[in-house]
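A.B. asks: 94 is the number that the working numbering gives to position 74 of the sequence shown; each next residue is one higher, with no gaps. All C-beta atoms in this analysis are idealised placements derived from N, C-alpha and C, irrespective of residue type, glycine included. From a predicted model like this one, the values you see are computed outputs, not experimental measurements.
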Amino acid sequence: MTEPPLPVLLLHGLMMRSPALLPLALRLRRRGFTPVIFSYSTLWRAPGLAMERLAMRLYAMGEGPVHMVAHSLGGLIAAETINRYQNLPAGRLVCMGSPIAGSAAARGLAERRLGLVSGRSGALLRGGLIELPRKREIGMIAGTRSLGLGRIFGHFDGINDGTVAVWETRLPGLADHVVIPSSHTGLVFSGQAADLAATFLEYGRFRP
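(1) Check whether the segment 51-71 and the segment 111-124 touch, using three or more Cβ-Cβ pairs below 8 Å as the test.
(2) Buried or exposed: residue 97, going by 16 or more other Cβ atoms within 10 Å of its Cβ?
(3) Among 101, 108 and 70, which has the Cα closest to the Cα of residue 81?
(4) With distances taken between CB atoms, is the gap from residue 29 to residue 86 smaller than 8 Å?
(5) Roughly how many angstroms separate the alpha carbons of residue 69 and residue 92, rounded to a whole number?
(6) How is residue 186 classed by DSSP in three states: helix, strand or coil?
(7) Rounded to a whole number of angstroms, what is the C-alpha to C-alpha distance between residue 198 and residue 226?
(8) Terminal residues of the continuous beta strand (DSSP E) containing residue 55?
(9) With a 10 Å radius around its C-beta and 16 neighbouring C-beta atoms as the bar for buried, classify residue 71 as buried or exposed.
(10) On the criterion of 16 or more Cβ atoms from any shown chain inside 10 Å, does residue 74 qualify as buried, or is it exposed?
(11) Is it true that the CB of residue 119 sits closer than 8 Å to the CB of residue 78?
(12) Does the separation of the CB atoms of residue 188 and residue 124 fall below 8 Å?
(13) CA-CA distance, residue 25 and residue 128?
(14) Would residue 143 be called buried (16 or more neighbouring beta carbons within 10 Å of its own) or exposed?
(15) In terms of alpha-carbon separation, which member of 55, 32 and 213 lies closest to residue 161?
(16) What is the residue span of the beta strand (DSSP E) that residue 27 lies within?
(17) Note down, in chain order, each residue of its chain lying with its Cβ closer than 6 Å to the Cβ of residue 38, except the 5 sequence neighbours on either side.
(18) Tell me, to the nearest whole angstrom, how far the beta carbon of residue 183 is from that of residue 204; I am working on the premise that it is less than 8 Å.
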């Protein structure tokens, strides 16, 4: 018997809406997955509420595996949910341009008293994660096309995608890390990023 397609929860980033994930969802469906878009408030509600809702959604999906692909802030939400909640379904996580080591652009906004732009997710974006979830395969796709408003507020050291520096996407514990020529927002719409994400979900590496 043919195994049923594995579900993949998709999480958007700051100030984004669910429709932005439709091209990514379509590409993952073509690779044999069943994408499910998880929508949450990035500005007006505390990220802890999004984490609680995400955990409840994961529990409701059974023993798994249930994979996740998350853009920007969504990657922080997904990873921290795994850190906080026990006995979640197994599954791999692909982050796209997520500042897991903290965002210089978010800190720059706060320094200019423009922290409202990051909403109630500002503290999470500024500080990043203390550590990545253990015993979970997590891959990161970072961009190198420096196009975005983040350049105005953040002083980037080295290569960046216009919003997040490549070094901000690295923490010990990543199973794999890859860099592609994409802007921060462009990662969601990139066919290359979608193919890499699907490969990681299948093998736990971007280039098996």
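C.D. replies: Well, looking at it:
(1) Result no; under three Cβ-Cβ pairs closer than 8 Å.
(2) Stepping through the sequence shown from its first residue, residue 97 is reached at position 77. It is buried - the Cβ of residue 97 has at least 16 other Cβ atoms within 10 Å.
(3) In the sequence shown, residue 81 corresponds to position 61, counting from 1. Closest in alpha carbon position to residue 81, among 101, 108 and 70, is 108.
(4) Residue numbering aside, residue 29 sits at position 9 when the sequence shown is read from its first letter. Residue numbering aside, residue 86 sits at position 66 when the sequence shown is read from its first letter. Residue 29 places its beta carbon less than 8 Å from that of residue 86.
(5) Position 49 of the sequence shown, counting from 1, holds the residue named residue 69. Position 72 of the sequence shown, counting from 1, holds the residue named residue 92. When rounded, the distance between both Cα atoms is 18 Å.
(6) Here residue 186 is taken as the residue at index 166 of the sequence shown, counted from 1. The answer is helix: DSSP assigns residue 186 an H, G or I state.
(7) Taking the sequence shown and counting its residues from 1, the one referred to as residue 198 is at position 178. Taking the sequence shown and counting its residues from 1, the one referred to as residue 226 is at position 206. Using only the alpha carbons, I get a separation of about 7 Å.
(8) Residue mapping note: residue 55 aligns to position 35 of the sequence shown, counting from 1. Going by DSSP, residue 55 is part of the beta strand (DSSP E) stretching over 54-58.
(9) For this step, residue 71 is matched to residue 51 along the sequence shown. In this structure residue 71 is buried. Its beta-carbon is surrounded by 16 or more other beta-carbon atoms within 10 angstroms.
(10) For this step, residue 74 is matched to residue 54 along the sequence shown. Around the C-beta of residue 74, 16 or more other C-beta atoms lie within 10 Å, and the residue is accordingly described as buried.
(11) Within the sequence shown, the letter at position 58 stands for residue 78. Within the sequence shown, the letter at position 99 stands for residue 119. A distance of 8 Å or more separates the beta carbons of residue 78 and residue 119.
(12) For the purposes of this step, residue 188 is identified with residue 168 of the sequence shown, where counting begins at 1. For the purposes of this step, residue 124 is identified with residue 104 of the sequence shown, where counting begins at 1. For residue 188 and residue 124, yes; Cβs fall inside 8 Å.
(13) For this step, residue 25 is matched to residue 5 along the sequence shown. For this step, residue 128 is matched to residue 108 along the sequence shown. For residue 25 and residue 128, the distance between alpha carbons rounds to 42 Å.
(14) Numbered from its first residue, the sequence shown carries residue 143 at position 123. Counting the other Cβ atoms within 10 Å of the Cβ of residue 143 gives fewer than 16, which makes it exposed.
(15) Against the sequence shown, residue 161 aligns to sequence position 141. For residue 161, the nearest C-alpha among the options comes from 213.
(16) One-based indexing of the sequence shown puts residue 27 at position 7. Start and end: 27-31.
(17) As a position in the sequence shown, residue 38 is number 18, starting the count at 1. The beta carbon of residue 38 sits closer than 6 Å to the beta carbons of 57 and 59 from its chain, once the five residues preceding and following it are set aside; these are given in chain order.
(18) Here the question's residue 183 lines up with position 163 in the sequence shown. Here the question's residue 204 lines up with position 184 in the sequence shown. The C-beta separation of residue 183 from residue 204 comes to about 4 Å, placing the pair in contact by the 8 Å criterion.
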